[in-house]
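Peer 1:
Numbering (the numbering used here), first residue to last: 35 to 300.
Next up, the structure:
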């Protein structure tokens, strides 16, 4: 989930904008220049999701981002000790809240969607991506791993493709992500928001009760329990097996200092 620290400085005003019209909610990440997912941004996103989930008239929601890129991921600085002890549980709580959202959730992705941002998108039901969008879990390059992706990707893309994404850290194009079952539609970059909005509007024509029931049927209690257990297992691996190692601190520190990491031989 870790990514670039660039753009993580605090800004005045909300970093997650929300609007609801005709049964369609729009959530927009707005933390320029790269929409870095700080604890503050994630907290605003959770609050917005919680408020929307309580609206019985809501039929569908769109998660988008302002600017050229969806998001370059989470703030590396908040992954260094001791901050990670708070950051990781809050991040996984945000993913779980999106995954449990009671109505269909459509993600609109342009540009980079990396690290924690890709993990957030994996919690959506449908993803509309621009032709030049880039998806990836580069955490392994920093000596860590993406806990939410380890829990969700095997069910979304299959165990082998999930392992390749996590172990290599290689990015995927929108076309490759669609072939992996992670993206529903690939559209021209300048039409991403328009196409996502059109899809949401099409969904919103239907009964709110039927959409909510269909979402529950697609995400059965058994599947939800399995995902919750997988997320908890990934959190424990991250907290107990990884973040106490020298390599985790070295990888994150090296990235922040813009140098090559020096891995231990243990």
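Where a beta carbon is used, it is the ideal one built from N, C-alpha and C, also for glycine.
Mind checking residue 296: buried by the 16 CB within 10 Å criterion, or exposed?
Peer 2: For this step, residue 296 is matched to residue 262 along the chain shown. Its Cβ having fewer than 16 others within 10 Å, residue 296 is exposed.
Peer 1: Using DSSP bridges, identify the partner residues of residue 105.
Peer 2: Numbered from 1 along the chain shown, position 71 holds the residue referred to as residue 105. In DSSP, residue 105 forms a bridge with 147.
Peer 1: Mind checking which residues open and close the alpha helix (DSSP H) that includes residue 200?
Peer 2: For this step, residue 200 is matched to residue 166 along the chain shown. It spans 193-202 - the alpha helix (DSSP H) in which residue 200 sits, taken as one unbroken run.
Peer 1: Under three-state DSSP, which class holds residue 50?
Peer 2: In the chain shown, counting from the first residue as 1, residue 50 sits at position 16. Strand, per DSSP.
Peer 1: What's the C-alpha gap between residue 214 and residue 181?
Peer 2: Against the chain shown, residue 214 aligns to sequence position 180. Against the chain shown, residue 181 aligns to sequence position 147. Between residue 214 and residue 181, the C-alpha separation is close to 19 Å.
Peer 1: Quick check for students: name the residue ranges of the beta strand (DSSP E) that lie wholly in the stretch 63-107, counting only runs of 3 or more.
Peer 2: Whole beta strand (DSSP E) segments, 3+ residues: 94-99.
Peer 1: Would you list the one or two residues that DSSP bridges to residue 30?
Peer 2: The structure shown does not extend to residue 30, since the chain is modelled only from 35 through 300, so no value can be given for it.
Peer 1: So what does DSSP say about residue 232, is it helix, strand or coil?
Peer 2: Here residue 232 refers to the residue found at position 198 of the chain shown. Helix, per DSSP.
Peer 1: Run through DSSP, which three-state label would residue 277 get?
Peer 2: Taking the first residue of the chain shown as 1, we reach residue 277 at position 243. Here residue 277 sits in coil by DSSP.
Peer 1: Which same chain residues end up closer than 6 Å to residue 46 when comparing Cβ atoms and leaving out the 5 residues on each side of it in sequence?
Peer 2: The residue labelled residue 46 in the question sits at position 12 within the chain shown. For residue 46, the predicted structure reports a pLDDT of 38, less than 50, and the residue's modelled location is therefore unreliable. A value from the coordinates is still provided. Once the five neighbours on either side are set aside, residue 46 has no close Cβ partner at all.
Peer 1: Hey, residue 92 and residue 137: beta-carbon distance below 7 Å or not?
Peer 2: Here residue 92 is taken as the residue at index 58 of the chain shown, counted from 1. Here residue 137 is taken as the residue at index 103 of the chain shown, counted from 1. Yes, these two residues count as a Cβ contact at 7 Å.
Peer 1: Could you name the residues that DSSP lists as bridge partners for residue 219?
Peer 2: On the chain shown, position 185 is the one that residue 219 refers to. Answer by DSSP bridge pairing, in chain order: 162.
Peer 1: Contact defined as beta carbons within less than 8 Å: I believe residue 125 pairs with residue 95. What is the distance between those atoms, to the nearest angstrom?
Peer 2: Reading the chain shown from its first residue, position 91 is the one you call residue 125. Reading the chain shown from its first residue, position 61 is the one you call residue 95. With 8 Å as the limit, residue 125 and residue 95 do not qualify as a contact, their Cβ atoms being about 20 Å apart.
Peer 1: Answer with buried or exposed for residue 60, where buried requires no fewer than 16 other C-beta atoms within 10 angstroms of its C-beta.
Peer 2: Stepping through the chain shown from its first residue, residue 60 is reached at position 26. Residue 60 is buried by the Cβ-count criterion.
Peer 1: Could you give the C-beta distance for residue 188 and residue 196, rounded to a whole number, given that I count them as a contact under 8 Å?
Peer 2: Position 154 of the chain shown, counted from the first residue, corresponds to residue 188. Position 162 of the chain shown, counted from the first residue, corresponds to residue 196. Correct: roughly 4 Å between the Cβ atoms.
Peer 1: Buried or exposed, going by whether 16 or more other CB atoms sit within 10 Å of the CB of residue 291?
Peer 2: Here residue 291 is taken as the residue at index 257 of the chain shown, counted from 1. So residue 291 ends up on the exposed side.
Peer 1: Any idea which residues DSSP pairs residue 169 with across the strands?
Peer 2: As a position in the chain shown, residue 169 is number 135, starting the count at 1. Answer by DSSP bridge pairing, in chain order: 147, 206.
Peer 1: What three-state label does DSSP hand residue 137 in the structure shown?
Peer 2: By 1-based counting over the chain shown, the position of residue 137 is 103. Residue state, collapsed to three classes: coil.
Peer 1: Which term fits residue 252, buried or exposed, when burial requires 16 or more other beta carbons within 10 angstroms of its beta carbon?
Peer 2: Taking the first residue of the chain shown as position 1, residue 252 is located at position 218. It counts as exposed.
Peer 1: Can you look up residue 142 in the DSSP assignment and give me helix, strand or coil?
Peer 2: Residue 142 sits at position 108 when you count from the first residue of the chain shown. Three-state DSSP puts residue 142 in a strand.
Peer 1: Roughly how many angstroms lie between the CA atoms of residue 288 and residue 80, to the nearest whole one?
Peer 2: Locating residue 288 in the chain shown gives position 254, where the first residue counts as 1. Locating residue 80 in the chain shown gives position 46, where the first residue counts as 1. Residue 288 and residue 80: Cα-Cα distance of roughly 30 Å.
Peer 1: Buried or exposed, going by whether 16 or more other CB atoms sit within 10 Å of the CB of residue 38?
Peer 2: Sequence index remark: in the chain shown, residue 38 carries index 4 (1-based). Note on residue 38: pLDDT 45, under 50, position unreliable in the model; the coordinate value appears next. The residue in question, residue 38, is buried, as its Cβ has 16 or more Cβ neighbours within 10 Å.
Peer 1: In angstroms with no decimal places, state the Cα-to-Cα distance between residue 199 and residue 175.
Peer 2: Residue 199 sits at position 165 when you count from the first residue of the chain shown. Residue 175 sits at position 141 when you count from the first residue of the chain shown. So the alpha carbons of these two residues sit roughly 12 Å apart.
Peer 1: Might you give, ordered along the chain, the residues of its own chain that have their beta carbon closer than 8 Å to the beta carbon of residue 284, omitting 5 neighbours on each side?
Peer 2: Translated into the one-based positions of the chain shown, residue 284 becomes position 250. Here the set comprises 177, 295, 296, 297, 298.
Peer 1: Can you round the beta-carbon distance between residue 18 and residue 112 to whole angstroms, since I take them to be within the 8 Å contact cut?
Peer 2: Residue numbering for the chain in the displayed model covers 35 to 300; residue 18 lies beyond these limits and cannot be assessed.
Peer 1: Answer with buried or exposed for residue 163, where buried requires no fewer than 16 other C-beta atoms within 10 angstroms of its C-beta.
Peer 2: Taking the chain shown and counting its residues from 1, one reaches residue 163 at position 129. With 16 or more Cβ atoms within 10 Å of its Cβ, residue 163 is classed as buried.
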